[in-house]
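First comes the structure, then the notes that go with it.
Numbering (my numbering), first residue to last: 64 to 160.
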C-alpha cells in the first residue's frame with residue numbers, strides 16, 4: 064500500500080515513482096484522476112532495474128529500452144512488455160496486488 068498525499072510524485076496525473084515493496088521495486092504511474100499502473104522495474108532485456116522516466120516513458124539505463132506506463136515496449140532492445148500488477152485507489156491509498 065502506498066499513501067498518496069500532496070507531496071507525493073503520484074499526487075498529479077502524469078506523475079511516476081519507483082516504489083519499494085515487499086516483492087521488490089515497482090514502477091508506479093498516475094494515468095488518470097483515479098487510475099494508476101504498477102509494473103515490475105526489471106527490464107525484460109537483461110534484467111537491469113529501470114529507474115528513468117522522461118515524463119512519458121520509462122527508460123532502462125543499461126541499454127535504452129523504453130516502455131509506456133502500461134508496460135508496452137516503445138523501442139528495444141527489449142522485446143517483451145513489463146509485468147503488470149493490479150491497482151486499487153481509495154481514500155488516498157493505492158493498493159498494489
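Even glycine gets a Cβ: it sits at the ideal position worked out from N, Cα and C.
Return the chain-ordered list of same chain residues with a C-beta closer than 8 Å to the C-beta of residue i, the five sequence neighbours on each side being excluded.
{"i": "residue 120", "result": "129, 130, 131, 132 and 137"}
With DSSP run on the structure shown, which of helix, strand or coil describes residue i?
{"i": "residue 159", "result": "strand"}
{"i": "residue 138", "result": "strand"}
{"i": "residue 127", "result": "coil"}
{"i": "residue 84", "result": "strand"}
{"i": "residue 145", "result": "coil"}
{"i": "residue 75", "result": "coil"}
If you check the beta carbons only, do residue i and residue j fall under 8 Å apart?
{"i": "residue 103", "j": "residue 146", "result": "yes"}
{"i": "residue 108", "j": "residue 141", "result": "yes"}
Between which residues of its own chain and residue i is the CB-CB distance below 7 Å, once the five residues before and five after are set aside?
{"i": "residue 124", "result": "111, 114 and 115"}
{"i": "residue 95", "result": "76"}
{"i": "residue 72", "result": "78, 79 and 80"}
Starting from residue i, follow its DSSP beta bridges and name the residues at the other end.
{"i": "residue 115", "result": "122"}
{"i": "residue 66", "result": "156"}
{"i": "residue 101", "result": "91 and 148"}
So, for residue i: in the same chain, excluding its five sequence neighbours on each side, which residues have a beta-carbon less than 6 Å away from its beta-carbon?
{"i": "residue 159", "result": "101, 148 and 150"}
Should residue i be listed as close to the ligand FMN, given that the test is whether its C-beta is under 7 Å from any heavy atom?
{"i": "residue 127", "result": "Among the ligands in the structure shown, none appear at all, so the ligand FMN cannot be discussed."}
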